[in-house]
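Protein chains in written order, with my numbering: chain A, 35 to 325; chain B, 266 to 452.
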Amino acid sequence: MKRYAYYPGCSLESMAASYNISTLEVAREVGLDLKEIKNWNCCGATAYFPVDELLANTLVARNLALAEKEGASDFVAPCSACYKNAYFTNAYLKRDPDLAEHINYALEADNLHVEGTLKVRHLIEVIMEDVGLDEIRKKIVHPLRDLHVAPYYGCQLLRPRKDHENVENPQFFEDLLSALEADPVEYPSKARCCGGSLIITNRKAALDMVRKLLEDAMNHKADVIATTCPMCNVNLEVYQAQVNQEFGTHFSIPVMYFTQLMGIALGLKPASLGIGKEMISSAPLLALAQG
Amino acid sequence: MATELSFGDEIANMMYASHGNPIRECIQCGTCSGTCPAVEFMDHTPRQIIGLIRADFKDEVLASNTYWSCASCYHCSVRCPAGIDIADMMYALKRYSMWNKTHQEGLIGPAFSESFVKMIVGSGRSFEPQLAPAYLFKYGPQGLIKEAQMATGLMLKGRMPLLPKKIKGLKNFQRMVRRIIPIGESS
Chain A
35 MKRYAYYPGC
45 SLESMAASYN
55 ISTLEVAREV
65 GLDLKEIKNW
75 NCCGATAYFP
85 VDELLANTLV
95 ARNLALAEKE
105 GASDFVAPCS
115 ACYKNAYFTN
125 AYLKRDPDLA
135 EHINYALEAD
145 NLHVEGTLKV
155 RHLIEVIMED
165 VGLDEIRKKI
175 VHPLRDLHVA
185 PYYGCQLLRP
195 RKDHENVENP
205 QFFEDLLSAL
215 EADPVEYPSK
225 ARCCGGSLII
235 TNRKAALDMV
245 RKLLEDAMNH
255 KADVIATTCP
265 MCNVNLEVYQ
275 AQVNQEFGTH
285 FSIPVMYFTQ
295 LMGIALGLKP
305 ASLGIGKEMI
315 SSAPLLALAQ
325 G
Chain B
266 MATELSFGDE
276 IANMMYASHG
286 NPIRECIQCG
296 TCSGTCPAVE
306 FMDHTPRQII
316 GLIRADFKDE
326 VLASNTYWSC
336 ASCYHCSVRC
346 PAGIDIADMM
356 YALKRYSMWN
366 KTHQEGLIGP
376 AFSESFVKMI
386 VGSGRSFEPQ
396 LAPAYLFKYG
406 PQGLIKEAQM
416 ATGLMLKGRM
426 PLLPKKIKGL
436 KNFQRMVRRI
446 IPIGESS
């Protein structure tokens with residue numbers, strides 16, 4: 035029996051609140067018991083590593099230690115950046131006893147200890163592997179027929195390479211969307227970067243990267259871009275207006291979390307999935323999906 | 266007799282804590298530069314930076330904005346035929362330039378990272394509005410107004426809390442951090 039320690043991460047408490055809500059709703063619907071880790075701390079995103087590698091690993095390890103203490107078997111993160119950080123710190127802990135000793139010396143000050151025994155997984159992986167497409171198909175109430183969805187994987191879900199993933203041309207997101215009876219479009223940029231934290235530190239570069247992603251989705255006739263990460267979602271959605279300002283474009287492409295699309299297909303109420311919190315309304319497309 | 270470390274050795278050492286990183290194995294094929302989504306915003310391409318490090322062109326490397334333009338997307342890392350984790354090397358260069366305070370002036374990355382870490386050490390959680398000084402530093406008051414407008418839009422949608430969250434037991438948490446690095450105390 036798997037015991038899932040759920041690590042929402044900071045974004046899911048603010049800008050990506052709808053990702054958190056829809057994750058919990060969908061998890062309940064498909065019978066995944068996600069138990070939020072008590073008193074978790076920020077994983078550091080991409081900002082600790084430029085300061086200190088050991089500190090960055092220690093802060094991630096604290097969350098792993100809390101989950102281990104709670105008796106979890108799997109550590110589940112819906113954010114690709116949190117997932118990537120937790121995955122690698124966990125792997126280093128197992129591989130490098132010297133690093134583990136340093137980290138545990140620090141954790142001791144917080145009365146914690148880490149072993150690195152958890153399985154660290156992204157939410158979409160848990161849904162694909164532990165729930166499975168057959169089970170999802172059985173539960174579909176509103177098939178997302180004729181909805182053209184760009185499956186945007188982004189970076190850190192796939193990279194750096196962890197163990198089994200296809201880093202160049204993954205297909206699992208398309209498979210999930212097909213199971214919801216949506217129509218995943220060909221999206222060559224599906225694993226290109228959204229700019230991540232460059233949206234703050236190098237706005238010009240990030241807006242250019244977002245523009246390319248939006249353009250590609252539009253050229254492939256996507257009605258919506260589906261995401262698996264709060265940072266991707268915020269860059270593509272919240273900054274779309276700034277892209278238009280900067281480049282004189284007229285993008286207005288809704289961006290939704292894969293859990294929101296799943297929730298709609300499962301017959302959950304849009305409001306219970308945080309739909310309505312977006313800056314680019316997804317209402318027209320929901321009418322399409324449910325019409 | 267101790268010999269002085271080359272710049273390449275120094276950088277290699279910066280990447281040792283988690284895993285080794287064979288930058289000496291680079292064959293200068295340029296796959297990284299061709300893959301990088303931010304390359305047009307960099308002073309030097311990733312391939313050039315590795316070449317410069319290996320040739321001990323320290324001043325050029327330290328004056329470059331390249332590593333602070335890296336988005337950590339790891340596309341180069343998974344494609345490198347020599348097995349170099351180039352994105353991780355960029356992190357090492359960021360650390361080097363922060364520790365030695367050698368980074369190019371006017372970059373927001375170092376200020377952002379520093380305020381981010383101070384924020385986490387202070388509360389255990391991240392809270393976007395606390396990063397405002399970093400914006401101000403780069404984009405000026407007007408930029409800050411633009412950010413504030415966007416933040417207001419998010420707030421109206423229930424996507425921006427008014428108050429930061431804090432973890433419980435901060436004292437122990439901070440003791441833990443101090444066992445690694447005394448950040449936020451010296452400066």
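Cβ coordinates follow ideal geometry from the N, Cα and C atoms, glycine included.
A quick note: this is a predicted structure, and the numbers were derived from the prediction, not measured.
Under the three-state reduction of DSSP, which class applies to residue i: helix, strand or coil?
| i | result |
| --- | --- |
| residue 146 of chain A | coil |
| residue 392 of chain B | coil |
| residue 360 of chain A | This structure cannot speak to residue 360 of chain A, because chain A is shown only from 35 to 325. |
| residue 156 of chain A | strand |
| residue 131 of chain A | helix |
| residue 238 of chain A | helix |
| residue 40 of chain A | strand |
| residue 313 of chain A | coil |
| residue 451 of chain B | With a pLDDT of 46 at residue 451 of chain B, under the threshold of 50, the predicted position of this residue should be treated as unreliable, though the coordinate-derived value follows. Three-state DSSP puts residue 451 of chain B in coil, outside helix and strand. |
| residue 204 of chain A | coil |
| residue 324 of chain B | helix |
| residue 346 of chain B | coil |
| residue 375 of chain B | helix |
| residue 217 of chain A | strand |
| residue 318 of chain B | helix |
| residue 299 of chain B | helix |
| residue 212 of chain A | helix |
| residue 10 of chain A | Absent from the model: residue 10 of chain A. The displayed extent of chain A is 35 to 325, so no value can be given. |
| residue 282 of chain A | coil |
| residue 229 of chain A | coil |
| residue 49 of chain A | coil |
| residue 268 of chain B | coil |
| residue 35 of chain A | coil |
For chain A, check one thing: does any of its Cβ atoms lie closer than 8 Å to the Cβ of residue i?
| i | result |
| --- | --- |
| residue 309 of chain B | no |
| residue 430 of chain B | yes |
| residue 295 of chain B | no |
| residue 419 of chain B | yes |
| residue 329 of chain B | no |
| residue 365 of chain B | no |
| residue 326 of chain B | no |
| residue 318 of chain B | no |
| residue 378 of chain B | yes |
| residue 438 of chain B | yes |
| residue 269 of chain B | no |
| residue 406 of chain B | no |
| residue 314 of chain B | no |
| residue 289 of chain B | no |
| residue 277 of chain B | no |
| residue 337 of chain B | yes |
| residue 370 of chain B | no |
Give me the DSSP bridge partner(s) of residue i.
| i | result |
| --- | --- |
| residue 185 of chain A | A:260 |
| residue 268 of chain A | According to DSSP, which records beta bridges pairwise, residue 268 of chain A is partnered with nothing at all. |
| residue 290 of chain A | A:260 |
| residue 82 of chain A | Per DSSP, none; premise fails for residue 82 of chain A. |
| residue 307 of chain A | DSSP, once it has assigned bridges, lists no residue as partnering residue 307 of chain A. |
Check whether the Cβ of residue i lies closer than 8 Å to any Cβ atom in chain B.
| i | result |
| --- | --- |
| residue 267 of chain A | no |
| residue 213 of chain A | no |
| residue 83 of chain A | yes |
| residue 263 of chain A | no |
| residue 355 of chain A | The requested residue 355 of chain A is not part of the displayed model; chain A covers only 35 to 325. |
| residue 48 of chain A | yes |
| residue 60 of chain A | no |
| residue 229 of chain A | yes |
| residue 235 of chain A | yes |
| residue 92 of chain A | yes |
| residue 36 of chain A | no |
| residue 88 of chain A | yes |
| residue 103 of chain A | no |
Taking the continuous beta strand (DSSP E) assigned at residue i, which residues delimit it?
| i | result |
| --- | --- |
| residue 273 of chain A | Premise fails: residue 273 of chain A is in no beta strand (DSSP E) and is neither H nor E. |
| residue 108 of chain A | 108-111 |
| residue 66 of chain A | Where residue 66 of chain A is concerned, there is no enclosing beta strand (DSSP E), given that its DSSP letter is neither H nor E. |
Let's see if you can read the secondary structure: which residues bound the alpha helix (DSSP H) around residue i?
| i | result |
| --- | --- |
| residue 305 of chain B | No alpha helix (DSSP H) holds residue 305 of chain B; DSSP gives it neither H nor E. |
| residue 357 of chain B | 351-364 |
| residue 87 of chain A | 87-103 |
| residue 336 of chain B | Counting along the chain, residue 336 of chain B falls outside any alpha helix (DSSP H), and DSSP gives it neither H nor E. |
| residue 191 of chain A | Segment: none, residue 191 of chain A is in no alpha helix (DSSP H) and carries neither H nor E. |
| residue 276 of chain B | 272-279 |
| residue 168 of chain A | 167-172 |
Can we count residue i as close to the ligand FAD, meaning its CB is less than 7 Å from some heavy atom?
| i | result |
| --- | --- |
| residue 156 of chain A | In the structure on display, the ligand FAD does not appear, and there are no ligands present to speak of. |
What ranges does the alpha helix (DSSP H) occupy inside the stretch 398-443 of chain B, keeping only unbroken runs of at least 4 residues that lie completely in it? Runs found: 435-443.
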